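Report on the following structure.
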Amino acid sequence: MQRRHLLRLSALAITAPLTACRDQEPAPAPTPSATAPAGMVLLAPGETKVGAPQEAAEITAASGKAACAFAARLAKAIAENDDLLVSPISLALPLAMLANGAKATTLAKLQTLLGYGSLAEMNGQLGAVQQALASRNHTVEKGTRSGEVALEVANALWAQQATPVRQTFLTACARWYGAGVQGVDFTAPQSTANAINSWADEHTHGRIKDLVSPDAITPATSLVLTNATWFTAPWADGFSRGDRLPFTHDDTSTTTVESFRAASRQWADGPGWRASCLDYLGDELAMAFVLPDKGKDQALLDGWATGGLHRMLTGWRTAQVALTVPMWQHEQELVLKEALHRMGIKHLFVEDTDVDLTGIRDEEMALTAVVQKTWISVDEKGTEAAAATAAYVGATSAQPPQERHDLVLDRPFWYVIFDRQTTTPLFVGRVAKP
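Per UniProt numbering, the sequence shown starts with residue 1, numbered consecutively.
Written out as structure tokens, the structure reads:
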């Protein structure tokens with residue numbers, strides 16, 4: 001059986017005290033301390049739980065378009081001729097939480113970056129998307145196949161203990177994003193890093209252990225917002241192990257790699273690229289494989305950023321596709337400050353003087369670092385793969401589609417793991433050296 005595991009974790013650090021964490025268990029919102037100013041909360045050492053997301057809005061088509069545009073712009077901002085794995089949703093959610101503490105130009109820039117016209121629309125749509133993604137966790141039975149699909153999304157806030165934080169900010173992060181807040185001591189960087197990293201380890205099932213370095217935490221740190229996204233699922237249909245595949249790298253050197261062969265009924269193409277798609281068990285989540293023509297990666301990303309990614313993910317044609325895919329595993333740490341600069345929010349970072357995050361607390365604060373760690377594995381269990389192949393043939397034998405294509409991923413290609421209902425890209429990557 002083919003099984004794909006994907007894990008992503010992001011951290012945003014803000015200078016001037018506060019950190020973010022997500023708790024999945026509903027609980028009352030923090031109660032203002034008797035000694036805190038009106039509308040503020042004083043955090044004691046340890047965690048104060050806040051509620052899980054609620055009041056989900058109806059997810060609109062515009063939300064999917066916004067998610068795809070953000071994902072495409074992010075991939076374009078960090079793309080190089082190398083392996084890449086980034087999780088757009090894992091970055092979007094902490095930025096959306098941050099927007100609830102932003103005002104004036106700072107808020108407007110975050111809304112523009114994430115593709116929403118108002119804070120209310122952003123919270124309603126992203127909160128609903130997060131709840132929809134949470135519903136993907138279940139045991140799936142389909143014909144002779146069954147398996148566990150797991151998609152876990154967790155947010156958290158980490159704030160300087162005994163420092164006032166606005167109640168409205170904490171309530172919004174809890175209500176829409178299920179984020180809990182924990183009081184920590186940024187003057188004790190090792191213990192604070194240990195707390196955040198322990199949370200990351202737990203929510204990524206041990207795949208990411210050192211999200212935050214103690215060296216990155218200083219007494220000036222005000223807030224850390226974190227997100228962890230973990231995904232694992234078997235393919236909807238079984239695949240057979242292929243021959244070793246000659247894979248040509250960007251520098252024209254060639255290696256041979258393990259591969260698998262799959263049959264798909266989904267096809268898309270456009271100027272300079274061809275693509276197919278494989279569903280995960282349950283047909284709620286899927287992975288698109290996109291092979292650009294040689295030298296056309298930038299043109300592909302340019303098209304994605306102007307609506308092409310959304311059109312591809314929602315416009316698959318029925319076809320009979322023979323797909324050959326290399327097996328790979330990849331992990332990566334991304335420092336996203338420069339990428340976010342290219343995406344138009346240089347304004348948010350420390351060197352700027354007009355950042356307005358007074359919705360969090362009454363003091364000048366700015367974003368200092370954005371770090372994301374990712375891990376992915378695509379592998380094959382031969383016995384289960386063979387059993388599933390027969391099920392696929394049975395499903396497609398009644399009326400073969402007219403289009404027939406071969407797609408052999410024997411040189412650098414792109415992939416997108418996405419949620420079908422919401423058209424939300426969860427992970428975007430490039431395989432250059434499988």
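Just so you know, even glycine gets a beta-carbon here, dropped at the ideal spot from N, CA and C.
These figures come from a predicted structure and were not determined experimentally.
Judged by beta-carbon spacing, Leu278 lies beyond the 8 Å limit of Pro164, meaning their Cβ atoms are not closer than that value. The C-beta separation of Ala99 from Leu93 comes to about 11 Å, leaving the pair out of contact by the 8 Å criterion. For Gly307 and Phe289, the gap between their C-alpha atoms comes out near 18 Å.
Excluding its 5 nearest sequence neighbours in each direction, Ala79 has C-beta neighbours in its own chain below 8 Å: Asp297, Gln298, Leu301, Arg430, listed in chain order. Around Gly315, the same chain offers Ala268 as residues with beta carbons nearer than 7 Å, after the five sequence neighbours per side are excluded. Contact check for Pro326 against Phe247 passes: the beta carbons are separated by less than 8 Å. The shortest CA-to-CA distance from Leu133 to any of Gly178, Ala156, Thr171, Thr112 is the one to Gly178. Taking C-beta atoms as the reference points, Met122 and Ala102 fail to come closer than 8 Å.
Cβ contact annotation for Asp250 (same chain, cutoff 7 Å, sequence separation greater than five): Asn81, Pro412, Ala432, in chain order. In this structure Gln329 is exposed. Its beta-carbon is surrounded by fewer than 16 other beta-carbon atoms within 10 angstroms.
Around the C-beta of Pro271, fewer than 16 other C-beta atoms lie within 10 Å, and the residue is accordingly described as exposed. DSSP places Asp302 in the uninterrupted alpha helix (DSSP H) bounded by 297 to 303. Annotation note: the stretch 164 to 247 contains the following uninterrupted alpha helix (DSSP H) runs of length 4 or greater, listed N- to C-terminal: 167 to 177, 189 to 203.
Within the same chain, and ignoring the five residues on either side of Arg342 in sequence, the residues whose Cβ sits closer than 6 Å to its Cβ are Ala77. When beta bridges are read from the DSSP output, His330 appears opposite Ile376. Note that the stretch 184 to 203 does not touch the stretch 255 to 269; fewer than 3 beta-carbon pairs, one per stretch, sit closer than 8 Å. Rounded to the nearest whole angstrom, the CA to CA distance from Gly147 to Asp210 is 30 Å. Here DSSP, grouped into helix, strand and coil, assigns Arg265 to strand.
Annotation: Val149 to Asp354 spans about 45 Å, alpha carbon to alpha carbon.
Per DSSP, reduced to three states, the secondary structure at Asn123 is helical.
Relative to the Cα of Ile217, the nearest Cα in the group Pro234, Tyr280, Ala369 belongs to Ala369.
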